[in-house]
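Engineer: So the protein lines, in turn, are chains A and B. The opening residue of the first sequence carries number 1 in full-length UniProt numbering; numbering runs sequentially from there. The opening residue of the second sequence carries number 1 in full-length UniProt numbering; numbering runs sequentially from there. The beta-carbon is built from N, C-alpha and C at its ideal position, and this holds for glycine as well. Nothing here was measured: the structure is a model prediction, and the numbers come from that model.
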Amino acid sequence: MTEKIGEHRLPEIADVVVVGAGPAGAVMTKAFAEAGMSVVCLDQGDWPDYSTSRSASPERALLGGNEWSPLSNVRKGPGDYPIDEDDADISALLWNGVGGSAMLYAAQWQRNMPSDFRVRSLDGVADDWPISYEDLLPYYAQAERDFAIAGLNGDPAVPGADQYPMAATPIGEAGRRMGKAHNSLGWHWWPGANGIATREYGRLKPSVHRGACFLGCGDQAKSTVDVTHWPDICRHRNAWLLTRATVARVETNSSGRATGVIYFDSKGVERQQKANLVVLAANGVGTPRLLLMSANSQHPDGLANASGLVGKRLMMHPYSAVVGTFDDEIGTMQGAYGHLLYSLEFYETDESRGFVRGAKWGLMPTGGPMEMTRSFPWGDNRELWGARFNETIRERLNHSATWGIIAEDLPEEHNRVELSSTLVDEHGLPAPKIVYETSENSRRLLAFHVERAKESFLAAGAKQITVAPHIRNTGWHLLGTTKMGSSPEDSVVDHTGRAHTVPNLYIVDGSTWPTSAGVNPTATVVAMALRTAELITSGNAATGSKDLEGATA
Amino acid sequence: MNENQTVWTDREREVLKRLSDLLIPAGAGMPAASEVGAHLSGTDKVCSVRTDLVEPAKKLIAELEQLQEWSLQDIQSRYPVLFEAAAELLAGAYFLDEDVARTLDYREQITIPLDPEATRTAELQELTAPVVAKGNIWRTTV
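#1: Counting only C-beta atoms, is A/Glu534 closer than 8 Å to chain B at any point?
#2: Which same chain residues, not among the five before or five after A/Val285, have their C-beta less than 6 Å away from its C-beta?
#3: Tell me which residue opens and which closes the alpha helix (DSSP H) that B/Glu65 is part of.
#4: On a CA-only basis, which of A/Ser538, A/Val492, A/Ser487, A/Arg394 is nearest B/Met30? Give me that one, please.
#5: Which residues of the stretch 79 to 90 of chain B have a Cβ closer than 7 Å to any Cβ of chain A? Give them in chain order.
#6: From this set, A/Leu122, A/Ala304, A/Leu446, which residue's C-alpha is nearest A/Ser491's C-alpha?
#7: Leaving out the 5 sequence neighbours to the left and right, which residues in its chain are closer than 7 Å to A/Ile5 when beta-carbon positions are compared?
#8: A/Arg531 to A/His495, Cα distance in whole Å?
#9: Tell whether a beta-carbon distance below 8 Å holds between residue 559 of chain A and A/His399.
#10: Is the number of C-beta pairs between the stretch 239 to 254 of chain A and the stretch 37 to 47 of chain A that are closer than 8 Å three or more?
#11: Where does the unbroken beta strand (DSSP E) through A/Arg271 begin, and where does it stop?
#12: With distances taken from CA atoms, which of A/Pro48, A/Pro130, A/Val356, A/Val27 is nearest A/Leu215?
#13: Can you list, in chain order, the residues of its chain with a C-beta nearer than 7 Å to that of A/Gly202? Leave out the 5 residues immediately preceding and following it.
#14: Determine the extent of the beta strand (DSSP E) in which A/Arg249 is found, giving its start and end residues.
#15: Have a look at A/Leu429 and A/Pro170 and give me their C-alpha separation to the nearest angstrom.
#16: The alpha helix (DSSP H) with B/Cys47 in it runs from where to where?
#17: Where do the ends of the alpha helix (DSSP H) carrying A/Gly25 lie?
#18: Which term fits A/Thr422, buried or exposed, when burial requires 16 or more other beta carbons within 10 angstroms of its beta carbon?
#19: Would you kindly work out how many angstroms separate the C-alpha atoms of A/Gly335 and A/Ser420, rounded to a whole number?
#20: I need the DSSP call for A/Glu67, collapsed to helix, strand or coil.
#21: Quick check on the DSSP output: the alpha helix (DSSP H) that includes A/Arg416 runs from which residue to which?
#22: If we call anything under 8 Å between Cβ atoms a contact, is A/Val519 one with A/Ile406?
#23: Determine the contact status of A/Arg313 and A/Gly480, defining contact as a CB-CB distance below 8 Å.
#24: Below 7 Å on C-beta distance, what does B/Val15 contact in chain A?
#25: Of all the options B/Thr140, B/Leu72, B/Glu35, which has the alpha carbon lying nearest to the alpha carbon of A/Arg388?
#26: Rounded to whole angstroms, what is the Cα-Cα separation between A/Ser55 and A/Asp232?
#27: Could you check whether A/Leu94 and A/Ser72 sit closer than 8 Å to each other, using their CB atoms as the reference points?
#28: I'd like to confirm the pairing. Which residues does DSSP put opposite A/Phe264 in its beta bridges?
#29: When the Cα of A/Phe355 is compared with those of A/Glu412, A/Gly324, A/His449, A/Val279, which residue comes out closest?
#30: Pull the bridge partners of A/Asp87 from the DSSP assignment, please.
#31: Between the C-alpha atoms of A/Thr543 and A/Ala401, what's the straight-line distance to the nearest angstrom?
#32: So the candidates are A/Ser53, A/Lys205, A/Thr52, A/Thr287; which of them puts its Cα closest to the Cα of A/Gly20?
#33: Taking beta-carbon pairs under 8 Å, can you tell me which members of the stretch 13 to 46 of chain B lie near chain A?
#34: Less than 6 Å between C-beta atoms, sequence neighbours within five positions excluded: which residues of the same chain meet that for A/Glu7?
#35: Taking the alpha carbon of A/Glu345 as the point to measure from, which residue in A/Ser511, A/Thr474, A/Glu455 has its own alpha carbon closest?
#36: Considering only DSSP beta bridges, list what B/Val7 is partnered with.
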């Protein structure tokens, strides 16, 4: 259905068609609209229905299992495609709809570190990026303004992170305790930067600390683009957002340029949207799937796939969690569910540890009573039930906090997204199949970090420490499947996100990342999209101005 | 279905009652599950938002009705998947009870206003002073 605010018809040939209405898609559409270009954004999902999140009601704690599940195979909502995961040891977690997968993010906002762009040069593994941290500096700052990031300026681990538009979310007693513990250890820590408003800011309202961030914030405090971007974008007469519009393929002409997309509308009718420029922002699973589905006689292995790397090098950030439980209350059953604080103490490579690269730790509350009963992060819970049930709940509830450990996942070509030979979506389009195996480097990395996280909690006085079991449902960050690089032989897109072999096709989601970093990716995805948008609209992309000339002719 | 409808027969409710007290007996100053009616209106409320729990819970009840005796350990080992659903159902019903939430001082649905920005920032600056004092720690790449 057309969600455009306004009655005018879609252009026959748009300047730009954008696929995906998540953070990157919203950033791109906004930039094109403000530049006066006609832009149509298509998303296969719908607007979020916050009434179903029940964020202000006690039933919220029960809802992770259905409408707000991060598993499309469980959720089965509008626009959700099945995912074939038989050969993956981590499940891809995503959201289809306006807002993208950030609808389910904890709003933890973390820039990549400078070394993340120079992994080959510094550590001799994987690849350097064709852009640097410094290239992104102005865009990080803009992203933090546009996305209303609450943080404390001046982290000595993150250069230039000193322009947050509002004060940090409270760190509570848990944060104070862990911060002091790290001070005693001489370890880095910093109050978390979060996309959780702490004062009125645009359409956002200050958080009231229900702890409902993950499943849709009904208080309009979490920064997602359905709130921060799309209402303004839709006011432009030259911008359109179509929901329940499932893109089936990108079309190209005989000269190898993209001419638009074919999509199924909300009634299942196949339609065409012609455009002079095509931008994909459909995440690290959806984007390679679409490129592979766009195979034709000219591009038999899929669009933009001369390198053979479309879909390969999937990185999903293997994840561990360590819980510390304290004798006294630390205020963790309610509050902002981002990261209270983070530590980058063990982020950089130290070869004596037996692995390369590192991880970011984010300290999170453990939540309400129901969360105290779950096998993640509490492990084998059989002993919970029965005589000691209420005693155990009281020991955990409001007395525990979690270090979430995001491991840098190195790119390996056998970890990949391909087209399933057995599953199809509601339109008969092949589902993505994910093949993924956690690497030995990641296992060693996580084992090391788990031990350090235990030391952190011991220093803080925790009486009990629990290491969460490995579970499948940790693939929040979908990266690497359309690698960015300088050469068409070993990468899919150039430093602007433009496909090497399709000059008017851009990719702006996390799939372009040559390496995964070890942090939450939204900040960098948005900063890169802002940079690409500026290069295109200013005519400074390699041949950006030409992209808008008669591509469909 | 809504929370005023039920999918449970009286016989099923009897099994749910017995099971709920096996899972959540009184203790630590808290009531047993059946004392707050977790097997009654509580399960109806849960099922109004988690219809996916109904089928496995009913299957477990049917299995248990065939048995003369059952213990918690038996159920967990023989029916792990069904048990997980039934435990989610009954614990959910238990914690939805207002008296239980009050006794735990669980205030999720109550808003908590933020302290003034200046107060929070001043506290954080004091806490992070040792981190700042160590100087920049990123790896230089330019």
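Structural biologist: To lay it out plainly:
#1: So, not an interface residue.
#2: Within the same chain, A/Val285 has close Cβ partners Ala92, Val417, Pro432, Leu478.
#3: Its alpha helix (DSSP H) spans residues 54 to 65.
#4: The shortest C-alpha separation from B/Met30 is found at A/Arg394.
#5: Result list: Ala87.
#6: That would be A/Ala304, whose Cα lies nearest to the Cα of A/Ser491.
#7: Because A/Ile5 carries a pLDDT of 44, less than 50, the predicted location of this residue cannot be relied on, and no value is offered for it.
#8: Distance from the CA atom of A/Arg531 to the CA atom of A/His495, rounded to whole angstroms, is 10 Å.
#9: Outside the shown range of chain A (1 to 553) lies residue 559 of chain A, about which nothing can therefore be said.
#10: Pairwise C-beta distances place the stretch 239 to 254 of chain A in contact with the stretch 37 to 47 of chain A, as three or more of them are shorter than 8 Å.
#11: Counting along the chain, the beta strand (DSSP E) containing A/Arg271 begins and ends at 270 to 280.
#12: For the residues A/Pro48, A/Pro130, A/Val356, A/Val27, the minimum Cα distance to A/Leu215 belongs to A/Pro48.
#13: Result list for A/Gly202: Ala148, Thr228, in chain order.
#14: Residue range 246 to 252 is occupied by the beta strand (DSSP E) that includes A/Arg249.
#15: Spanning the two alpha carbons is a distance of roughly 46 Å.
#16: Taken as a continuous stretch (DSSP letters only), the alpha helix (DSSP H) holding B/Cys47 covers 43 to 49.
#17: It spans 23 to 34 - the alpha helix (DSSP H) in which A/Gly25 sits, taken as one unbroken run.
#18: Per the 10 Å Cβ criterion, exposed.
#19: Going from the Cα of A/Gly335 to the Cα of A/Ser420 covers about 41 Å.
#20: Coil.
#21: For A/Arg416, no alpha helix (DSSP H) run applies; the uninterrupted beta strand (DSSP E) run containing it begins and ends at 416 to 424, by DSSP.
#22: Yes, the pair counts as a contact, with Cβ atoms nearer than the cut-off.
#23: Taking C-beta atoms as the reference points, A/Arg313 and A/Gly480 count as a pair closer than 8 Å.
#24: Taking a Cβ-Cβ threshold of 7 Å, none of the residues of chain A is close to B/Val15; the smallest such distance is about 16 Å.
#25: For A/Arg388, the nearest C-alpha among the options comes from B/Leu72.
#26: For A/Ser55 and A/Asp232, the distance between alpha carbons rounds to 25 Å.
#27: Between A/Ser72 and A/Leu94, the C-beta gap is smaller than 8 Å, which places the two residues in contact.
#28: The partner list for A/Phe264 (beta bridge, DSSP) reads A/Thr246, A/Glu270.
#29: Answer by Cα proximity: A/His449.
#30: Bridge partners of A/Asp87: A/Val435.
#31: Below a pLDDT of 50, predicted positions are generally treated as unreliable, and A/Thr543, at 42, falls in that range; the measurement from the model is reported next regardless. Cα to Cα, the separation comes out at about 50 Å.
#32: For A/Gly20, the closest alpha carbon among the candidates A/Ser53, A/Lys205, A/Thr52, A/Thr287 is that of A/Thr287.
#33: Residues of the stretch 13 to 46 of chain B that bring their beta carbon within less than 8 Å of a beta carbon in chain A comprise Leu22, Leu23, Ile24, Pro25, Ala26, Gly27, Ala28, Gly29, Met30, Lys45, Val46, in sequence order.
#34: Legend: pLDDT at A/Glu7 = 42, less than 50; position of this residue unreliable, value from coordinates given subsequently. No residues qualify anywhere along the chain.
#35: With distances taken between Cα atoms, A/Glu345 lies closest to A/Glu455.
#36: DSSP output for B/Val7 lists no bridge partner at all.
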